[in-house]
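In UniProt numbering, the protein residues as written are 1 to 348. Ideal placement from N, C-alpha and C gives every residue a C-beta, glycine not left out. One structure is given below, encoded as structure tokens.
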């Protein structure tokens with residue numbers, strides 16, 4: 001049996017106080033839980049997983065045509081080994097898709113730093129932001145021309161999971177004695193939601209699918225192929241990693257660092273990782289990151305002293321009140337090739 005609790009979102013309609021207590025305990029004690037009966041149709045789930053497999057089955061040239069290195073907004077495809085966690089290589093390939101918008105920036109430069117092959121391209125170069133650097137995270141996605149259905153399905157997926165995420169945030173607020181809508185304003189205009197579609201290949205020499213980390217945002221809903229194992233969590237106070245196997249039809253939910261800060265440590269952002277399989281099939285997952293607008297500051301709930309357990313402080317990973325500062329920091333670290341090409345001034 002998994003140490004990760006299982007919660008039924010439909011209780012919000014019949015026994016809301018019971019659900020609020022359960023979701024508060026799960027986020028405090030473990031920081032991870034399974035979410036069932038969430039209202040997202042099984043047909044939608046099957047459709048997303050099927051399209052994920054179709055995307056990774058495309059010819060490499062079709063995927064490379066939307067390489068993230070072309071995007072100053074950190075959108076698009078990343079090859080195997082193209083992302084880092086805490087400086088170590090993650091052995092996975094993925095596409096990153098976010099809310100589309102127009103960056104409030106001055107016109108971009110006409111020069112682009114060469115890519116890893118030494119070639120300049122017509123890809124958009126870094127804009128000079130009319131404000132903080134993190135405004136450059138706002139921009140268009142890169143969609144694969146060979147899989148046109150992906151855009152429609154993913155935009156609908158974003159809307160479906162935003163609804164579930166808002167319900168969870170309101171439940172946490174209620175359970176901690178705050179206005180249920182206290183977090184709503186941060187997500188009301190241009191939320192910086194992010195969808196990753198990820199493949200972890202089996203039979204590789206690297207155990208690190210993605211290295212141990214905490215999510216830097218607010219809330220993550222993870223869809224995992226039912227045959228895909230490898231996720232492990234390290235609950236608060238634990239010394240051993242706990243396996244989190246997939247549960248068909250359920251989301252795996254975890255807390256991000258900004259929600260931990262907003263509750264002064266009462267809700268825990270839990271460290272987790274993915275260990276690659278030595279044999280068997282590939283691991284397919286679709287994490288959905290529910291994050292506020294890049295300019296938003298997350299509210300701090302006025303908790304009683306006995307609940308304010310304090311936030312874990314890491315001098316190498318400061319947590320900022322403004323979401324965009326955290327996202328910018330994370331993107332620069334995870335994708336140094338994109339940063340070097342579009343933001344050479346950030347290179348250390």
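- Given a cut-off of 7 Å, decide if residue 283 and residue 206 are closer than it, judged by their beta-carbon atoms. At the C-beta level, residue 206 and residue 283 stay beyond 7 Å of one another.
- Task: Could I get the ranges of all uninterrupted alpha helix (DSSP H) runs contained in the segment 150-220, with 4 residues as the minimum, in chain order?
- Result: You should have 184-188.
- Can you check whether the CB of residue 256 is closer than 7 Å to the CB of residue 215? A contact, by the Cβ cut-off of 7 Å.
- When DSSP labels each residue in this structure, what does residue 106 get in the three-state scheme? Because residue 106 sits at a pLDDT of 44, beneath the cut-off of 50, its placement in the model cannot be relied upon, and the following sentence gives the value as read from the coordinates. Residue 106 carries a strand assignment under DSSP once its states are collapsed to helix, strand and coil.
- Query: Who are the Cβ neighbours of residue 164 in its own chain at under 8 Å, not counting the five residues just before and after it?
  - Reply: The residues are 9, 35, 38, 39, 40, 221 and 251.
- Run through the segment 236-302 for me and flag every whole beta strand (DSSP E) of 3 or more residues, listed as ranges in chain order. Fully enclosed beta strand (DSSP E) runs of 3 or longer: 251-255, 271-275 and 283-290.
- Message: Please tell me whether residue 183 and residue 161 are closer than 7 Å, where the distance is taken between their beta carbons.
- Response: Taking C-beta atoms as the reference points, residue 183 and residue 161 fail to come closer than 7 Å.
- Using three-state DSSP, classify residue 324 as helix, strand or coil. In the displayed model, residue 324 falls within a helix according to three-state DSSP.
- Task: Measure the C-alpha to C-alpha separation of residue 198 and residue 204 and round it to an integer number of angstroms.
- Result: Cα to Cα, residue 198 sits roughly 16 Å from residue 204.
- Query: On the three-pair Cβ rule with 8 Å, is the segment 43-51 touching the segment 22-35?
  - Reply: In short, these stretches do not touch, since the Cβ pair count stays below three.
- Query: Helix, strand or coil for residue 66 per DSSP?
  - Reply: Reduced to three states, the DSSP call for residue 66 is coil.
- Query: Among 12, 210, 78 and 261, which has the Cα closest to the Cα of residue 56?
  - Reply: The shortest CA-to-CA distance from residue 56 to any of 12, 210, 78 and 261 is the one to 78.
- Extent of the continuous beta strand (DSSP E) run through residue 95: Counting along the chain, the unbroken beta strand (DSSP E) around residue 95 starts and ends at 93-98.
- Query: Does DSSP put residue 343 in a helix, a strand or coil?
  - Reply: Of the three classes helix, strand and coil, the one that applies to residue 343 here is coil, per DSSP.
- Query: Using a Cβ-Cβ cut-off of 7 Å (strictly less than) and excluding sequence neighbours within five positions of residue 142, which residues of its own chain qualify?
  - Reply: Excluding sequence neighbours, residue 142 sits near 66, 70, 71, 75 and 76.
- Query: Taking the C-alpha atoms as reference points, what is the distance between residue 343 and residue 330?
  - Reply: If you take the alpha carbons of residue 343 and residue 330, they lie about 14 Å apart.
- Query: Would a C-beta distance cut-off of 7 Å place residue 137 and residue 327 closer than the cut-off?
  - Reply: In this structure, residue 137 lies near residue 327, with their beta-carbon atoms less than 7 Å apart.
- Message: Residues in the same chain with beta-carbon distance under 7 Å from residue 211, minus the five sequence neighbours each way, listed in chain order, please.
- Response: So the list reads 85, 86, 88, 90 and 273, once near-sequence residues are dropped.
- Item | Three-state secondary structure (DSSP) of residue 52 | Reduced to three states, the DSSP call for residue 52 is helix.
- If you follow the beta strand (DSSP E) that residue 76 is part of, which residue opens it and which one closes it? 76-78 is the extent of the beta strand (DSSP E) around residue 76.
- Cα separation between residue 19 and residue 6? In this structure, the alpha-carbon of residue 19 lies about 11 Å from that of residue 6.
- Residues sharing a beta bridge with residue 8, DSSP: Beta-bridge pairing by DSSP links residue 8 to 36.
- alpha helix (DSSP H) segment containing residue 20, residue limits: Counting along the chain, the unbroken alpha helix (DSSP H) around residue 20 starts and ends at 16-29.
- Query: In terms of residues, what are the limits of the beta strand (DSSP E) holding residue 88?
  - Reply: Here the beta strand (DSSP E) through residue 88 covers 88-90.
- Name the residue from 320, 188, 172 and 334 whose alpha carbon lies nearest to the alpha carbon of residue 267. Of the listed residues, the one whose Cα sits closest to residue 267 is 172.
- Locate the beta strand (DSSP E) running through residue 135, then write down its first and last residues. Run containing residue 135: none; DSSP gives neither H nor E here.
- Message: Could you give the first and the last residue of the continuous beta strand (DSSP E) run that contains residue 232?
- Response: That run of the beta strand (DSSP E) goes 231-234.
- Task: Determine the contact status of residue 231 and residue 241, defining contact as a CB-CB distance below 7 Å.
- Result: Not in contact: residue 231 and residue 241 (Cβ atoms no closer than 7 Å).
- Message: For residue 292 and residue 265, what's the separation of their Cα atoms in angstroms?
- Response: Rounded to the nearest whole angstrom, the CA to CA distance from residue 292 to residue 265 is 19 Å.
- Can you give the Cα-Cα distance for residue 17 and residue 175, rounded to whole angstroms? As the crow flies, the alpha-carbon of residue 17 is around 8 Å from that of residue 175.
- Query: Going by alpha carbons, who is nearest to residue 294 out of 301, 303, 286 and 320?
  - Reply: In terms of CA proximity to residue 294, 320 leads the group 301, 303, 286 and 320.
- Message: residue 226 and residue 245 - do their beta-carbons sit closer together than 7 Å?
- Response: Not closer than 7 Å, so no.
- Buried versus exposed call for residue 73 [16 or more other C-beta atoms within 10 Å across all chains shown]: It is buried - the Cβ of residue 73 has at least 16 other Cβ atoms within 10 Å.
- Message: Per the DSSP calculation, residue 223 is bridged to which residue(s)?
- Response: Assignment of beta-bridge partners to residue 223 by DSSP yields 286.
- Query: So the beta strand (DSSP E) residue 84 belongs to, where does it begin and stop?
  - Reply: From DSSP, the beta strand (DSSP E) with residue 84 extends over 83-85.
- Message: Between the alpha carbons of residue 151 and residue 193, how many angstroms are there, rounded?
- Response: Rounded to whole angstroms, residue 151 to residue 193 spans 15 Å at the Cα level.
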